[in-house]
Amino acid sequence: MYKELMRKCIELAKKSEGHTSPNPLVGAIIFDDDFNIISQGRHEKYGENHAERNAILSYNGDLKGKNIIVNLEPCSHYGKTPPCADLIIEKGIKRVVLGNVDPNPKVAGGGIKKLKDAGIEVITGVLKDECYELNEVFMINQIHKRSFVAIKTATTLDGKIATKTGSSKWITDEVSRLEVQKLRNKYDAILTSSETVIKDNPSMTCRMDNGRNPIRIVLDTNLKTYNDSKIYDDDGTRVIVIVSEYIEECKLKEYKQNIEFIKCPLKNGHIDIKKALEKLYENGIMSVLIEAGGTLNNAFIQENLVDKLYQFVAPKILADNTGINFVQGCDRSDINDCNNLTITSTKLLKNDIMIVGKFQRG
Ligand code: AOF
Ligand code: ZN
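Mind the numbering: the sequence shown is residues 1373 to 1734 in the working numbering, read in order.
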C-alpha cells in the first residue's frame, strides 16, 4: 500500500516539472490507518511552500495520529519557509513514510532525526529508485555540485540525423516531436552549436500547452551566428552565448541586448565544454538538454560529460554513406572501444521508438 501511495506522490510531484528548479519535485499525501487519503499537496513553484506544508495546510481538521507519505525527507532547516519536520511534529502526525533521504547538506538526515527525536515513526526507502529518478537532476546537483546533462536526438534506424546536404525535416513524427516539447519543458536549458543555429535556424522554444521556455544556450567560439537567428529572439527567456575568452568586446556589442555572453577558455581551438558546463552551473543552470549535431554530441560523450540519452528512432533507413551520424568524429576499429550505456526505458510512440539510456558518469 505504501508503494501505491508513493506512486501517487511521484505523479503529483511531476505536475510541477519545469517550475521548481533548483529545488526538487516533491509530492506529499496525508492518509489514515485505513489508507484513506485525507489531504495532498505538492511543491508547485520554486520559492513557494514545500509539499508537506501544502498537504498539511490544505486540510482544516485535526491531523493527530495521521500518517504522511512524501518522496523526499522533510526538511529541518529554516529556508524560504520554516522546517517541514517542525510542522509535522506540531500537527501530531504519528508516522512519516518517505522515499529518499535529502542529500542537501542543510538537511541530510536532519529531518529524520528531528522526527524520530519527537517520537514519530519514520519509514524510509519506499520506491527509492523511482523517487531518485524523479529527482535525478536535484540529486546530481546536490551530490556532485554540477549540472545534469542529457542529449536528445532524432535518428533513422541506421543512426542518421540528416543527409549530407542537411535535409532532416522530419525524421520523426509529430508524436515524437511532442515528447521533445515535454523534455524542453522539463530541462532548465537547451544547448546547441553555432553550426546547428546557422544550418537549421531553430527557435528552441517549448510549444507545449502550459509549457515554459527553457533557457537557450549556444556554443559559438568565434561568434559567427547571425544576430537575427530565431534562437536570439527577445521573448523574455534567458539567452546565453558561450564564446572564446579571446573574443573582442566590440564584437559582443553588435548583438542583441537580451543575449548574455559567457567567455570560456578554449581546448584545441574550440570551447572547453567541461569548463563551459562549470560556468553554466555557476550561472544557476541545473540541467542541460543538448540538441545539436553529431560532432558536438560526440565531444560531450567522449569527454564523459553526459548523464542521459533520449534517442527517438524513426522506422526509416537512409542508407547513404555520407549521411550525418548522431555521433561522429571518432576513428575506431575495435568494437571494445564503444561508449556503453544502460537502457533504462523504451517506449513505442506512434511510429517511432523512444529509447532512454544512461551513461556511467561520476
Ligand atoms: C522544496 N520543496 O517540497 C521540499 C524541499 O529553498 P527552500 O528554503 O525552499 O529549501 C529548499 C530545500 O528544502 C531543498 O533543497 C530540499 O533540500 C528541501 N526540501 N524543497 O523546494 C519541497 N520538501
Ligand atoms: Zn520542507
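Beta carbons: idealized from backbone N, C-alpha and C, even for Gly.
Secondary-structure assignment with DSSP links Y1682 through a beta bridge to K1524, V1728.
In this structure, DSSP gives E1551 a helical state, which the three-state scheme calls helix.
Taking the C-beta atoms as reference points, Y1627 is found no nearer than 8 angstroms to N1670. Boundaries of the beta strand (DSSP E) harbouring T1716: 1713-1720, taken from the DSSP string. The beta carbons of G1666 and K1536 sit about 12 angstroms from each other, so the pair does not count as a contact at 8 angstroms. For the pair of segments examined, the region 1646-1661 was found to touch the region 1511-1521: the number of CB pairs separated by less than 8 angstroms reaches three. Counting only residues of its own chain and dropping the five nearest sequence neighbours on each side, E1493 has a CB closer than 8 angstroms to the CB of K1466, R1467, V1468.
Closest by C-alpha distance to K1688, out of C1702, N1723, I1707, Y1431, is N1723.
Pairing M1726 with E1663 gives a Cβ-Cβ distance that is not under 8 angstroms. For V1678, the closest alpha carbon among the candidates N1711, W1542, K1387 is that of N1711. Secondary-structure assignment with DSSP links K1532 through a beta bridge to N1697.
With the criterion CB distance below 7 angstroms from any heavy atom of ligand 2, the matching residues run H1422, E1424, R1425, P1446, C1447, T1453, P1455, C1456 along the chain.
Around the Cβ of L1720, a 10 Å sphere holds fewer than 16 other Cβ atoms; the residue is exposed. F1698 counts as buried, since at least 16 other C-beta atoms from the protein chains shown sit within 10 angstroms of its C-beta. In the three-state reduction of the DSSP assignment, Q1412 falls in the strand class. In this structure, the beta-carbon distance from P1477 to I1460 does not fall below 8 angstroms. Taking 3 residues as the minimum length, the beta strand (DSSP E) runs contained wholly in the region 1404-1470 are 1409-1414, 1439-1444, in order along the chain. With 16 or more other Cβ atoms inside 10 Å of its own Cβ, R1425 counts as buried. Ranked by how close their Cα comes to the Cα of F1633, the residues D1606, D1644, K1452, L1595 have L1595 in first place. Rounded to the nearest whole angstrom, the CA to CA distance from D1530 to F1684 is 12 angstroms. For P1637, same chain residues with a beta-carbon under 7 angstroms away, outside a window of 5 residues either side, are E1617, D1644, K1647 in chain order.
With a threshold of 16 other beta carbon atoms within 10 Å, N1408 falls short and is exposed. Residue pairing by DSSP places L1661 opposite A1522, I1562 in a beta bridge.
With a threshold of 7 angstroms, the Cβ atom of L1384 does not count as near ligand 1, since no heavy atom of the ligand is closer than that. Distance from the Cα of S1565 is smallest, within the candidate group D1606, R1584, H1642, for H1642.
E1383 carries a helical assignment under DSSP once its states are collapsed to helix, strand and coil. Here L1595 carries a coil assignment [DSSP, helix/strand/coil]. Beta-bridge analysis with DSSP links K1625 to no other residue. A check of alpha carbon separations from I1673 across K1524, W1542, I1619 identifies K1524 as the nearest.
Residue A1457 holds the alpha-carbon nearest to the alpha-carbon of L1487 among L1681, A1457, P1475. Rounded to whole angstroms, the separation of the alpha carbons of S1705 and V1398 is 47 angstroms. Ranked by Cα distance from L1470, the options Q1514, G1464, S1388, A1423 are led by A1423.
Under the DSSP assignment, V1615 falls in the beta strand (DSSP E) whose first and last residues are 1611-1616. Relative to R1733, the option among F1403, E1508, A1427 whose CA is nearest is E1508.
Check the Cα spacing between V1547 and each of A1526, K1558, D1560: the tightest is with A1526. The beta carbons of M1658 and S1393 sit closer together than 8 angstroms.
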